[in-house]
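What follows is one structure encoded as structure tokens, with my remarks underneath.
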Amino acid sequence: MTSTNPDPVPPPPPSGPTEPATPYTGGPHPPQQPPGPPPVNAGWAVATLVAFWPLAFAAFSNAFEVYPRWARGDYSGAQHASDRVRKLGQLSLWILGGILVLLAIAYIVMAAVWISHGGYDDNWHRGRMNP
Numbered sequence: 012m013t014s015t016n017p018d019p020v021p022p023p024p025p026s027g028p029t030e031p032a033t034p035y036t037g038g039p040h041p042p043q044q045p046p047g048p049p050p051v052n053a054g055w056a057v058a059t060l061v062a063f064w065p066l067a068f069a070a071f072s073n074a075f076e077v078y079p080r081w082a083r084g085d086y087s088g089a090q091h092a093s094d095r096v097r098k099l100g101q102l103s104l105w106i107l108g109g110i111l112v113l114l115a116i117a118y119i120v121m122a123a124v125w126i127s128h129g130g131y132d133d134n135w136h137r138g139r140m141n142p
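Start counting the sequence shown at 12; every next residue gets the next number (the working numbering).
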């Protein structure tokens with residue numbers, strides 16, 4: 012006995028434009044290569060740790076997020092994290108520079124006060140304030 016159902020027929024090919032088999036020569040949608048990963052700026056994160064450690068937490072957490080974001084396809088997020096690490100490193104160096112300038116000013120003021128009061132007084136160290 013034979014079956015009354017005919018063999019299944021494959022669906023017709025899709026109508027409309029098909030992808031060319033030749034390399035891309037121009038048109039509305041060029042193939043896009045993902046951009047390369049942005050720099051991690053780990054050196055700036057280390058500079059943050061050395062110069063002003065409270066900012067190092069944010070710098071290292073952003074440095075560790077650059078590649079995972081890039082791998083997920085979040086290219087702008089990876090670039091933002093990379094830029095943030097660099098900015099935090101630069102900020103920490105500016106803060107360290109400001110602290111060093113303030114310490115230098117304080118040292119100069121203290122030296123001027125010490126010199127204006129007569130400098131080294133041997134009697135002060137022996138417990139006699141007024142000879």
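Note that beta-carbon positions come from the ideal geometry of N, C-alpha and C, so glycine has one too.
On a predicted model such as this, the values are computed, not experimentally measured, just so you know.
Which residue comes first and which comes last in the alpha helix (DSSP H) that contains residue i?
i, result
"residue 64", "Looking at the DSSP string, residue 64 is not in any alpha helix (DSSP H), and its letter there is neither H nor E."
"residue 90", "86-127"
"residue 77", "77-83"
Going by alpha carbons, who is nearest to residue i out of the options?
i, options, result
"residue 63", "121, 100, 20", "100"
"residue 80", "123, 126, 46, 115", "46"
"residue 61", "125, 104, 128, 82", "104"
"residue 52", "43, 128, 92", "92"
"residue 102", "21, 26, 69", "69"
Here's the rule I'm using: 16 or more other beta-carbon atoms within 10 Å means buried, otherwise exposed. How should residue i be labelled?
i, result
"residue 49", "buried"
"residue 123", "exposed"
"residue 58", "buried"
"residue 113", "exposed"
"residue 55", "buried"
"residue 82", "exposed"
"residue 67", "buried"
Q.
Does the contact criterion of 3 or more C-beta pairs under 8 Å hold for the segment 80-87 versus the segment 106-120?
A. In short, these stretches do not touch, since the Cβ pair count stays below three.
Q. Is there contact here, the segment 89-99 with the segment 72-79, by at least three beta-carbon pairs under 8 Å?
A. Under the 8 Å Cβ criterion, the segment 89-99 counts as touching the segment 72-79, having at least three qualifying pairs.
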